[in-house]
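Only one structure is covered here, and it is reproduced in the block below.
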């Protein structure tokens, strides 16, 4: 499967999965709205993610090294993977023990001192969600392993089943179990995904050496230890963000999560799909030390991705309120939840652009085995986000706090870009930088025109049919204007579009 075909197939699969994800979010907002108990659930999930902070560094350090070993000798590669998997399981066991033995202590660390009312509920969630400490790392590692075997679609198919599990749990159990139905949905979804991944790996003939002795050689330790510091800082930053939002009262954490779910759509449809199909190609180019090829591939991908993300970002900003009204405004999702989620989603719509590009650049840095570069970028991300949140708390400005991710990812993007250009040994001339800035200025001008003009007519939130109609025609008009502007300003040319849809690669 070519990169272009793989990319568009992944996008297609993602478009199939997102109606399910939307329905899942609608159920969440209907049953629980933006309440303290929803805040407790999301804060608990952030704490669980902190306990599995080793997951992403181990995966990102393991797969490139495994790929090299497997290419040289299949059996040696499988034994290498088994040893690292067993090492990861030992870390999972230690983290699970911490969650079970000290749930209240962990809960007190992740919520604001002024919100002790949800302390007991967070501790209870920590115990119930503790199986995820095993399921999440295993599924993430298996997913990355499948990508290295060019099994692009399977990871997204697994997510579809996971979403179905969550929907099923909410429909069947929400009335009786309340918020704890979410626990059943989360556990069931990850367990199903893990089982399907194991089945697929067995199908392609991958052998698991479960008796392999856990070990960590120098290359793995060097890469993993550098990566884990960055990931730890990032996770501590996210935990601090949830803690900061609880300071402003109930509902802010869950409203931010509703906004995040919407803003993650372009990230999961476009960015993850692009990275998924590019990663095996970049791995091959790293083995061949084709730095020029990696640079050209990165530049082309970043340019196309920027164009799409800027367009999506401005549309999300100008039509934020009616979109949230149509998706969430029912059941327990009241007017206050609408106001809070609208503010959060607008802030996150700006973060779509730097977050998407940072994800692309970070994965390339890791694939190039540049652990230090990834560390400094992660450090900039975490410190800038925490500093901005501290200022928001100091001045008690929640309208600042919701922009913490925009600030953090923007600084991360700037540093990642500089580090990546240096790593690829590609010295840009001042003329190249000038052309790049001129291209960016034209793109932003097109976005600003759309932002200034729309909505052409205010969309009143009274009748959902009229809101849907108004949102549909104004969105199409805004999209058409943005397309005309980027073509007229020569941000993109028809030739590039034909190449992208024809014989080109993403």
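Numbering (my numbering), first residue to last: 3 to 508. We put the CB at the ideal spot given by N, CA and C, even for glycine. All figures in this text were calculated on a predicted structure; none of them were measured in a lab.
Quick one: what does DSSP say residue i is sitting in, helix, strand or coil?
i	result
residue 104	coil
residue 471	helix
residue 443	helix
residue 184	helix
residue 55	coil
residue 369	helix
residue 292	coil
residue 507	Its pLDDT being 45, under 50, residue 507 is placed unreliably by the model, and nothing is read from it.
residue 457	coil
residue 452	helix
residue 39	helix
residue 199	helix
residue 426	coil
residue 492	coil
residue 334	coil
residue 33	helix
residue 83	helix
residue 153	coil
residue 219	coil
residue 314	helix
residue 177	helix
residue 213	coil
residue 513	Outside the shown range of the chain, which is 3 to 508, sits residue 513, and nothing can be said about it.
residue 75	coil
residue 393	helix
residue 118	helix
residue 463	coil
residue 236	helix
residue 208	coil
residue 168	helix
Would you kindly report the start and end of the unbroken alpha helix (DSSP H) that includes residue i?
i	result
residue 404	Segment: none, residue 404 is in no alpha helix (DSSP H) and carries neither H nor E.
residue 323	322-330
residue 125	121-130
residue 142	134-150
residue 259	254-268
Taking all protein chains shown into account, do 16 or more other C-beta atoms lie within 10 angstroms of the C-beta of residue i, making it buried, or fewer, making it exposed?
i	result
residue 505	Note on residue 505: pLDDT 46, under 50, position unreliable in the model; the coordinate value appears next. Exposed, since its Cβ has fewer than 16 Cβ neighbours within 10 Å.
residue 144	buried
residue 67	buried
residue 196	buried
residue 217	exposed
residue 508	Its pLDDT being 49, under 50, residue 508 is placed unreliably in this model, and the coordinates cannot settle the point.
residue 239	buried
residue 386	buried
residue 62	buried
residue 21	exposed
residue 206	exposed
residue 321	buried
residue 300	buried
residue 237	buried
residue 118	exposed
residue 495	exposed
residue 497	exposed
residue 459	exposed
residue 142	buried
residue 1	Because residue 1 is not part of the residues shown, which for the chain are 3 to 508, the question remains open.
residue 33	buried
So residue i packs on residue j, CB below 8 Å; how close in whole Å?
i	j	result
residue 253	residue 36	4 Å
residue 422	residue 367	6 Å
residue 469	residue 324	5 Å
residue 427	residue 293	6 Å
residue 406	residue 390	5 Å
residue 418	residue 363	4 Å
residue 148	residue 193	Not really, about 17 Å apart at Cβ, beyond 8 Å.
residue 288	residue 370	6 Å
Would you please verify whether the beta carbon of residue i is less than 8 Å from any beta carbon of chain D?
i	result
residue 419	Going by chain labels, chain D is absent from the structure shown, which holds only one protein chain.
Stretch pair the region 322-342 + the region 465-476: three plus CB contacts closer than 8 Å:
yes
Hey, is the region 486-501 in contact with the region 354-373, meaning 3+ C-beta pairs nearer than 8 Å?
no
Determine, using beta-carbon pairs with one atom in the region 374-384 and one in the region 441-448, whether at least three such pairs fall under 8 Å.
no
When the Cβ atoms of the region 40-60 are set against those of the region 102-114, are three or more pairs found closer than 8 Å?
yes
Taking one C-beta from the region 239-251 and one from the region 69-81 each time, how about it: are there three or more such pairs within less than 8 Å?
no
Is it a yes or a no for the region 69-78 touching the region 91-105, going by three-plus beta-carbon pairs under 8 Å?
no
Can you find at least 3 beta carbon pairs, one from the region 123-139 and one from the region 99-109, that sit closer than 8 Å?
yes
Mind the definition here: the region 254-261 touches the region 330-348 only if three or more C-beta pairs lie below 8 Å; say whether that holds.
yes
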